[in-house]
Amino acid sequence: MDKTIISGIQQIGIGVSDVQAAFTWYRQNFGMSVPVFEEAAEAALMLPYTGGEPRSRHAILAINMQGGGGFEIWQYTSRTPEAPKFIPQLGDLGINIAKMKSKDVEATFDLFNRRGLNVLGGLEKDPNGKFTFFVKDPWDNIFQIVSSTSWFQKRKTALPGGPNGAIIGVTDIENARTLYSDILGYDEVIYEEEGVFDDLKALPGGDKKVKRILLRHSKPREGAFSPLLGASEIELVVASNRTPKKIFEDRFWGDLGYIHLCYDINGMPALKANCEAKGFPFTVDSANSFDMGEAAGHFTYVEDPDGTLVEFVETHKVPIMKKIGWYLNLQKRDPKKPLPRFMLKAMGLSEVKD
1 MDKTIISGIQ QIGIGVSDVQ AAFTWYRQNF GMSVPVFEEA AEAALMLPYT GGEPRSRHAI
61 LAINMQGGGG FEIWQYTSRT PEAPKFIPQL GDLGINIAKM KSKDVEATFD LFNRRGLNVL
121 GGLEKDPNGK FTFFVKDPWD NIFQIVSSTS WFQKRKTALP GGPNGAIIGV TDIENARTLY
181 SDILGYDEVI YEEEGVFDDL KALPGGDKKV KRILLRHSKP REGAFSPLLG ASEIELVVAS
241 NRTPKKIFED RFWGDLGYIH LCYDINGMPA LKANCEAKGF PFTVDSANSF DMGEAAGHFT
301 YVEDPDGTLV EFVETHKVPI MKKIGWYLNL QKRDPKKPLP RFMLKAMGLS EVKD
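UniProt numbering puts the first residue of the sequence shown at 1, with every later residue one more than the last.
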């Protein structure tokens, strides 16, 4: 059986009410300035999560040339996207927070405060002794700024790089690790603690007792986009003394908030067999090649033990330089081999500058 290669977090899906305004804000404040694709179409394959009907949407996949994953900025156009009917608390089930990597967390903190962004609380140290803080965007999504040494291009800016992880609310850490550690490769425990934590106190529910575990992958990622996507981490959080709510309870995928965590992979048949053997069957499967105009591939979804959606994308075609029509067919390459740096850098030629 062929091996599955996981190259890293390709993107985090974010449901918003105004895709263009969100792209502008993420570009200016998070450096997510390179649109890999932009498309208005129907989400025809997500029926299990969209009320059984195809739904129209407008999406932009934006990346940061410093490295990290992208944002799939996603807006319904056939219906008004719904917000949660409650204020999600730390440990509620789903993606609570996206992690954004920074070369200098203190400098990013100072920049965001000078810009008047909605910084939650102060600069604190996490259980690993690293500075961190949280910021909220205009659509009520919370982001954690974390220290990282994994970079594709180091630019002279205090802006963060792309997303390099997420805080995910779960009911049972060991159950969740069957997916996140055994399948996704986050096999290294950086810390595992229970209590009330200073670095979380500015969050909704962050003043309550929680269990938390920070996971990283001990082996470097391989594959075409691994130099750009870089190293990543997952933090699982359990609310200790309350029954957590599902953040997307009675709502659709694509509504407001973090809709999925997506991994760039190669070897979908082997991944399918591994997921099924461990109790995570594909709930959505594009079967062959989806086409998003400027990009194409094979995508699937699984649910973690609490229903959080994890997407896998095997990229077949990607735009390198759209202005001259340079698209790369990835199906004929050695799947382990990273793309040449000049080719990955060329994706930045479509960068939107303000």
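Glycine residues also receive a C-beta, built at the ideal position from the N, C-alpha and C atoms.
query	result
Cβ neighbour criterion (16 or more within 10 Å) applied to GLN75	buried
Counterpart residues of THR132 in DSSP-defined beta bridges	GLU124
Residues of its chain near MET100, where Cβ-Cβ distance is below 8 Å and the 5 sequence neighbours each way are ignored	PHE30, GLY68, PHE143, GLN144, ILE145, VAL146, PRO160, GLY161, GLY162, PRO163, ASN164
6 Å Cβ shell around PHE109 - same chain, five flanking residues per side excluded	LEU123, PHE133
Status (buried if at least 16 other CB within 10 Å, exposed otherwise) for TYR191	exposed
Pairwise C-alpha distance: ILE265 and ILE6	4 Å
Pair within 7 Å by beta-carbon distance, PHE312 and LEU228	no
Where SER102 falls, given that 16 or more other Cβ within 10 Å makes a residue buried	buried
Own chain partners of ASP199 with C-beta closer than 7 Å, once the 5 adjacent residues on each side are dropped	GLU124, LYS125, ASP126, THR132
Buried/exposed call for ARG251, threshold 16 Cβ in 10 Å	buried
Neighbour-count burial assignment, VAL189, 16 or more Cβ in a 10 Å radius	exposed
Cα-Cα separation between VAL238 and ARG177, rounded to whole angstroms	13 Å
Three-state class that DSSP yields for LEU90 in the structure shown	coil
Span separating the alpha-carbon of LEU214 from that of ILE167	9 Å
Coarse secondary structure for GLN11, derived from DSSP in three states	strand
Residue range of the unbroken beta strand (DSSP E) whose run includes PRO335	Counting along the chain, PRO335 falls outside any beta strand (DSSP E), and DSSP gives it neither H nor E.
Per-residue burial, ILE87 [other beta carbons within 10 Å of its own, 16 or more giving buried]	exposed
Beta carbon of LYS245 nearer than 7 Å to that of ASP92	yes
Residue span of the alpha helix (DSSP H) that contains ARG114, given as start and end	105-114
Per DSSP, cross-strand counterpart(s) of PRO35	ALA62
THR315 - DSSP class collapsed to helix/strand/coil	strand
Nearest-angstrom Cα separation, counted from SER33 out to LYS353	7 Å
Pair within 7 Å by beta-carbon distance, VAL170 and ASP306	yes
Backbone CA spacing between MET1 and ILE95 [nearest angstrom]	Residue placement at MET1 is poorly supported in this model, since its pLDDT is 39, which falls under 50; the coordinates still yield a value, given next. When rounded, the distance between both Cα atoms is 32 Å.
8 Å CB neighbourhood of GLU303 in its chain, flanking five on each side removed	PHE280, THR283, LEU309, VAL310
Cβ distance (whole Å) where ILE259 is taken to contact ILE14 below 8 Å	7 Å
Under 7 Å between C-beta atoms of residue 355 and PRO54	With the chain covering only 1 through 354, there is no way to say anything about residue 355.
Bridge partner(s) assigned by DSSP for ASP264	GLY8, VAL313
Buried versus exposed, by CB contacts within 10 Å (16 or more), GLY297	buried
Exposure label - GLN20; buried when at least 16 CB within 10 Å	exposed
Three-way DSSP call (helix, strand, coil) for GLY185 in this model	coil
Inside the stretch 230-265 only - beta strand (DSSP E) runs reaching at least 3 residues	233-239
Buried or exposed by the 16-neighbour rule on C-beta atoms within 10 Å, applied to ARG57	buried
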